[in-house]
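Reviewing the structure listed below.
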Amino acid sequence: FNELQIRAVMLDQLLREPENPLREHTVTFETQALRETREILESGSSTAIADAEQYVEANTHPRLWRLLAESALAKLDFATADKAFVHCVDYMGVQFVKRCGKLDDEKKQQAEVAQYFGKFDEAEKIYRDMDRRDLALQLRASLGDWEKVVQLVQQGGGDDELLVNAWNKIGDKYMERQLVAKAAQHYAQAKNTERLIECYAQLEDYEKLERLIPTITEGSPLLSEIGRKFMAVGMSSEAVSAFMKGGDVQTAIDQCVKQHQWEAALTLAESHAPTGDIQKILAQYASHLLASGKQLHAVELYRKANQYTDAARLLSTLGAEEGEKRMNPLRTKKLFVMAALEVERMRKKMLSNTSAPDTTRTAAQTLESLLTQDTATGGDKWLDSSWKGAEAYHFLLLCQRQLYAGYPAEAMRTALRLREYEAVLPPAEIYSLIALTAFYSKYYLQCSKAFIRLQAMTGIAPYKKEAIDKLALAIFTKYQPNDPSTRRFGCHNCGATVKDYDARCASCSTSFPCCVFSGRTILDAAESSSCKACKRRFFKAEARNKRNCALCHTPLPTANYRG
Numbered sequence: 141f142n143e144l145q146i147r148a149v150m151l152d153q154l155l156r157e158p159e160n161p162l163r164e165h166t167v168t169f170e171t172q173a174l175r176e177t178r179e180i181l182e183s184g185s186s187t188a189i190a191d192a193e194q195y196v197e198a199n200t201h202p203r204l205w206r207l208l209a210e211s212a213l214a215k216l217d218f219a220t221a222d223k224a225f226v227h228c229v230d231y232m233g234v235q236f237v238k239r240c241g242k243l244d245d246e247k248k249q250q251a252e253v254a255q256y257f258g259k260f261d262e263a264e265k266i267y268r269d270m271d272r273r274d275l276a277l278q279l280r281a282s283l284g285d286w287e288k289v290v291q292l293v294q295q296g297g298g299d300d301e302l303l304v305n306a307w308n309k310i311g312d313k314y315m316e317r318q319l320v321a322k323a324a325q326h327y328a329q330a331k332n333t334e335r336l337i338e339c340y341a342q343l344e345d346y347e348k349l350e351r352l353i354p355t356i357t358e359g360s361p362l363l364s365e366i367g368r369k370f371m372a373v374g375m376s377s378e379a380v381s382a383f384m385k386g387g388d389v390q391t392a393i394d395q396c397v398k399q400h401q402w403e404a405a406l407t408l409a410e411s412h413a414p415t416g417d418i419q420k421i422l423a424q425y426a427s428h429l430l431a432s433g434k435q436l437h438a439v440e441l442y443r444k445a446n447q448y449t450d451a452a453r454l455l456s457t458l459g460a461e462e463g464e465k466r467m468n469p470l471r472t473k474k475l476f477v478m479a480a481l482e483v484e485r486m487r488k489k490m491l492s493n494t495s496a497p498d499t500t501r502t503a504a505q506t507l508e509s510l511l512t513q514d515t516a517t518g519g520d521k522w523l524d525s526s527w528k529g530a531e532a533y534h535f536l537l538l539c540q541r542q543l544y545a546g547y548p549a550e551a552m553r554t555a556l557r558l559r560e561y562e563a564v565l566p567p568a569e570i571y572s573l574i575a576l577t578a579f580y581s582k583y584y585l586q587c588s589k590a591f592i593r594l595q596a597m598t599g600i601a602p603y604k605k606e607a608i609d610k611l612a613l614a615i616f617t618k619y620q621p622n623d624p625s626t627r628r629f630g631c632h633n634c635g636a637t638v639k640d641y642d643a644r645c646a647s648c649s650t651s652f653p654c655c656v657f658s659g660r661t662i663l664d665a666a667e668s669s670s671c672k673a674c675k676r677r678f679f680k681a682e683a684r685n686k687r688n689c690a691l692c693h694t695p696l697p698t699a700n701y702r703g
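What the sequence shown shows, in the working numbering, is residues 141 to 703, in sequence order.
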């Protein structure tokens with residue numbers, strides 16, 4: 141029982157289907173006083189309000205007074221309504237009655253009463269009939285019905301400021317409901333750039349986000365916000381555009397560094413920041429990468445920053461470390477080749493920087509370039525030995541391939557070339573390979589010389605030396621240390637006789653180049669050519685149908701080396 145009403149439950153119906161209760165299972169009954177008061181008010185009599193007031197005074201109850209107050213309000217009987225609100229202790233109702241009583245227009249009073257009863261469409265209609273669209277707009281705005289506000293403004297009421305505010309409010313409503321796409325449409329109509337940035341970022345519509353940049357005034361903080369949105373997803377070029385238009389050059393440089401966009405960072409630093417700043421940043425980041433064990437990432441950093449010397453030094457160090465592991469000679473060769481190519485890039489750039497406008501380099505300019513190059517390398521011998529290391533592992537791999545392919549004589553010639561690289565490869569490995577290939581190719585004299593070198597080495601373990609001695613005894617008790625006949629050539633310098641596998645002349649010590657494709661000694665320069673990148677030579681016949689240099693893998697000229 142509450143407010144002169146009794147709520148009952150139809151238990152018999154509920155017990156029949158306890159698992160499916162319905163609203164119809166509950167019934168509300170009004171007391172006689174409430175029912176009779178309602179009947180009096182709805183009788184339609186001209187004295188209905190007065191009769192109901194007498195009845196309520198005789199049967200006083202807050203619920204009856206409230207019913208009387210509402211009926212009096214509907215008929216604009218503010219005196220009775222005020223008295224009734226006082227009896228039911230409704231302070232807000234009393235204040236509302238006073239406000240309505242002060243209005244000088246009955247239509248306005250009707251509209252206010254309609255609002256009180258929640259009949260907002262009826263109240264709006266009254267205002268529009270009065271030609272008071274401003275009051276209708278005020279009503280819809282107070283209700284938060286911004287779609288209706290937009291409609292009213294577009295029909296001729298209100299101003300642009302109110303319309304923009306309405307678009308923003310509608311956008312806020314959709315954002316609260318996570319309907320970001322719809323919110324973006326309304327923010328766009330309101331030209332609310334700040335909210336549009338957030339919407340496009342959530343929608344991951346970075347194309348539209350980029351289109352906002354030209355519409356924003358230079359130096360606006362919104363440009364920095366757009367830049368941060370782009371950097372969060374790795375779109376560095378778009379971010380830099382936003383930061384630069386916003387005048388935040390330092391942030392643009394910092395973000396490029398964080399995203400590993402070193403070329404962009406260097407370009408910005410060269411044109412807008414002191415050179416020392418970017419060099420300091422690069423040095424710090426490179427140190428961080430090296431400390432984290434990411435040497436190849438540091439190499440990439442140096443290369444993108446055009447720090448050729450540092451890149452070459454690190455690659456050469458990595459190549460030497462990889463070579464000491466004796467596990468992956470191909471990887472070792474690649475590291476040395478990369479180091480050597482970085483040295484070549486450095487030399488090429490230094491020489492090109494000294495070119496005169498008419499492309500004629502004077503002796504003074506060339507000397508200055510060489511001095512600069514020597515200063516940059518710091519006199520490090522490893523810079524010149526990078527190609528040496530690459531050649532050593534290249535010929536080592538070539539020898540292994542030739543041997544396993546069933547060409548022991550060719551493998552022996554390549555193995556003999558490895559004697560030039562004792563500073564790079566372990567001598568024991570070199571002469572072991574020479575002995576093996578010479579034995580299978582029946583060059584027993586070369587095999588004997590290799591065994592002599594192995595037996596004379598001091599760094600070999602005693603048990604290995606014992607095995608070498610036993611193997612040498614077993615071989616040379618069966619075979620004489622003689623080589624089969626081979627082609628002989630004349631040294632182009634002194635005319636002395638040289639064999640086709642000699643790396644240098646025994647008389648004048650002239651060194652002969654080696655073909656990087658076959659490992660054979662090149663004694664006739666007319667039969668050979670050289671790679672433009674590594675400057676190493678090869679037989680033209682060996683280069684037929686080859687696309688790349690065997691050592692550095694630089695593309696070869698198609699016209700010269702295709703069969």
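For every residue, glycine included, the Cβ atom is placed at its ideal position computed from N, Cα and C.
_Could you check whether Ser668 and Lys686 sit closer than 8 Å to each other, using their CB atoms as the reference points?_
By one-based count along the sequence shown, residue 686 stands at place 546. By one-based count along the sequence shown, residue 668 stands at place 528. No.
*Write down every uninterrupted run of the alpha helix (DSSP H) in the region 345 to 410 whose length is 4 residues or greater and which is fully enclosed by it, in chain order.*
346 to 351, 361 to 372, 376 to 385 and 389 to 398
*Spatial distance of Phe657 from Gly374 (CA atoms)*: Walking along the sequence shown from the start, residue 657 turns up at place 517. Walking along the sequence shown from the start, residue 374 turns up at place 234. Using only the alpha carbons, I get a separation of about 44 Å.
*Cβ-Cβ separation, Tyr571 to Glu531 (assumed contact under 8 Å), whole Å*: Position 391 of the sequence shown, counted from the start, is the residue given in the question as residue 531. Position 431 of the sequence shown, counted from the start, is the residue given in the question as residue 571. With a Cβ gap of about 18 Å, Glu531 and Tyr571 do not count as contacting.
*asked:* Does the contact criterion of 3 or more C-beta pairs under 8 Å hold for the region 449 to 460 versus the region 470 to 484?
replied: yes
*For Lys369 versus Leu349, is the C-beta spacing smaller than 8 Å?*
Locating residue 369 in the sequence shown gives position 229, counting from the first residue. Locating residue 349 in the sequence shown gives position 209, counting from the first residue. Yes.
*Is it right to say Asp274 is buried, meaning 16 or more other beta carbons lie within 10 angstroms of its own, or is it exposed?*
Sequence index remark: in the sequence shown, residue 274 carries index 134 (1-based). So Asp274 counts as exposed.
*Where Val149 falls, given that 16 or more other Cβ within 10 Å makes a residue buried*: In the sequence shown, the residue the question calls residue 149 occupies position 9. With fewer than 16 Cβ atoms within 10 Å of its Cβ, Val149 is classed as exposed.
*Ordered along the chain, which non-local residues of its own chain (more than five positions away) have a Cβ less than 7 Å from that of Pro469?*
Taking the sequence shown and counting its residues from 1, one reaches residue 469 at position 329. Closer than 7 Å at the Cβ level, and outside the excluded window around Pro469, lie Tyr533, Leu536 and Leu537.
*asked:* If you measure between the beta carbons of Tyr314 and Ala323, is that distance less than 8 Å?
replied: Locating residue 314 in the sequence shown gives position 174, where the first residue counts as 1. Locating residue 323 in the sequence shown gives position 183, where the first residue counts as 1. Yes, they are a contact pair.
_Between the CA atoms of Ser670 and Lys473 - distance to the nearest angstrom_ = As a working mapping, residue 473 is identified with position 333 in the sequence shown. As a working mapping, residue 670 is identified with position 530 in the sequence shown. Distance between the alpha carbons of Lys473 and Ser670 is about 19 Å.
*Can you give me the Cβ contacts of Glu569 inside the same chain, cut-off strictly under 7 Å, excluding the 5 residues immediately before and after it?*
As a working mapping, residue 569 is identified with position 429 in the sequence shown. None.
*asked:* If you follow the alpha helix (DSSP H) that Phe591 is in, where does it begin and where does it stop?
replied: By one-based count along the sequence shown, residue 591 stands at place 451. First-last of the alpha helix (DSSP H) with Phe591: Tyr584 to Ala596.
*Nearest CA to the CA of Leu204: which residue from Ala431, Leu144 and Ser186?*
Along the sequence shown, one-based indexing puts residue 204 at 64. It is Leu144.
*To the nearest whole angstrom, what separates the beta carbons of Leu556 and Ala643, a pair I think is in contact under 8 Å?*
Numbered from its first residue, the sequence shown carries residue 556 at position 416. Numbered from its first residue, the sequence shown carries residue 643 at position 503. Confirmed, about 7 Å.
*So what's Ser647 in DSSP terms, helix, strand or just coil?*
Residue 647 sits at position 507 when you count from the first residue of the sequence shown. Reduced to three states, the DSSP call for Ser647 is coil.
*For Lys639, the three-state DSSP class (helix, strand or coil)*: Working through the sequence shown from its first residue, we reach residue 639 at position 499. Strand.
*For Glu170, which beta-bridge partners are listed by DSSP?*
Counted from its first residue, the sequence shown places residue 170 at position 30. Answer by DSSP bridge pairing, in chain order: Gln145.
*Report, in whole angstroms, the separation of the C-beta atoms of Asn688 and Pro695, which I expect to be a contact under 8 Å.*
Position 548 of the sequence shown, counted from the first residue, corresponds to residue 688. Position 555 of the sequence shown, counted from the first residue, corresponds to residue 695. That pair is a contact at about 6 Å.
*Which term fits Leu594, buried or exposed, when burial requires 16 or more other beta carbons within 10 angstroms of its beta carbon?*
Locating residue 594 in the sequence shown gives position 454, where the first residue counts as 1. Buried, since its Cβ has 16 or more Cβ neighbours within 10 Å.
*Does the Cβ of Tyr231 lie closer than 7 Å to at least one heavy atom of the ligand FMN?*
Annotation note on the ligand FMN: not contained in the displayed structure, which lists no ligands.
*Give a yes or no on whether the C-beta atoms belonging to Thr355 and Thr333 are separated by under 8 Å.*
For this step, residue 355 is matched to residue 215 along the sequence shown. For this step, residue 333 is matched to residue 193 along the sequence shown. Yes, these two residues count as a Cβ contact at 8 Å.
*Determine the DSSP secondary structure at Cys692, reduced to helix, strand or coil.*
Indexing the sequence shown from 1 puts residue 692 at position 552. The answer is coil: DSSP assigns Cys692 none of H, G, I, E or B.
*Take the Cβ of Arg553 as the centre, count every other Cβ of all protein chains shown within 10 Å, and call the residue buried at 16 or more, exposed below.*
Numbered from its first residue, the sequence shown carries residue 553 at position 413. Result: buried.
*Does the beta-carbon distance from Tyr619 to Tyr584 come in below 8 Å?*
Numbered from 1 along the sequence shown, position 479 holds the residue referred to as residue 619. Numbered from 1 along the sequence shown, position 444 holds the residue referred to as residue 584. Contact: yes.
*Whole-angstrom distance between Ser651 and Lys489, CA atom to CA atom*: Translated into the one-based positions of the sequence shown, residue 489 becomes position 349. Translated into the one-based positions of the sequence shown, residue 651 becomes position 511. Going from the Cα of Lys489 to the Cα of Ser651 covers about 30 Å.
*Less than 8 Å between the CB atoms is what I'm expecting for Arg178 and Leu216, so what's the real figure, rounded?*
Stepping through the sequence shown from its first residue, residue 178 is reached at position 38. Stepping through the sequence shown from its first residue, residue 216 is reached at position 76. Actually they do not touch by this definition, with Cβ atoms about 20 Å apart.
*Report the three-state DSSP secondary structure of Arg272 (helix, strand or coil).*
Walking along the sequence shown from the start, residue 272 turns up at place 132. If DSSP states are grouped into helix, strand and coil, Arg272 belongs with coil.
*Taking only runs that begin and end inside the region 161 to 236, name each unbroken beta strand (DSSP E) of 3 or more residues, in chain order.*
166 to 170
*List the residues that DSSP assigns as beta-bridge partners of Phe678.*
By one-based count along the sequence shown, residue 678 stands at place 538. Looking at the DSSP assignment, Phe678 forms a beta bridge with Ser669.
*Going by CA-CA distance only, name the one from Ala382, Asp394 and Phe225 that's closest to Ala212.*
Here residue 212 refers to the residue found at position 72 of the sequence shown. Of the candidates Ala382, Asp394 and Phe225, the one whose C-alpha sits nearest the C-alpha of Ala212 is Phe225.
_Coil, strand or helix - Arg660 by DSSP_ = Translated into the one-based positions of the sequence shown, residue 660 becomes position 520. If DSSP states are grouped into helix, strand and coil, Arg660 belongs with coil.
_Which of the three DSSP states is assigned to Gly297 in this structure?_
The residue you call residue 297 lines up with position 157 of the sequence shown. In this structure, Gly297 counts as coil in the three-state DSSP scheme.
_Nearest-angstrom Cα separation, counted from Arg147 out to Thr168_ = Locating residue 168 in the sequence shown gives position 28, where the first residue counts as 1. Locating residue 147 in the sequence shown gives position 7, where the first residue counts as 1. Cα to Cα, Thr168 sits roughly 4 Å from Arg147.
*In chain order, what residues of the same chain have a beta carbon less than 7 Å from the beta carbon of Ala251, not counting five sequence neighbours either side?*
The residue labelled residue 251 in the question sits at position 111 within the sequence shown. Excluding sequence neighbours, Ala251 sits near Ala263, Ile266 and Tyr267.
*When Ala330, Asp222, Ser381 and Gln435 are compared against Arg351, the one with the closest alpha-carbon*: Mapped onto the sequence shown, residue 351 falls at position 211. Nearest option by C-alpha distance: Ser381.
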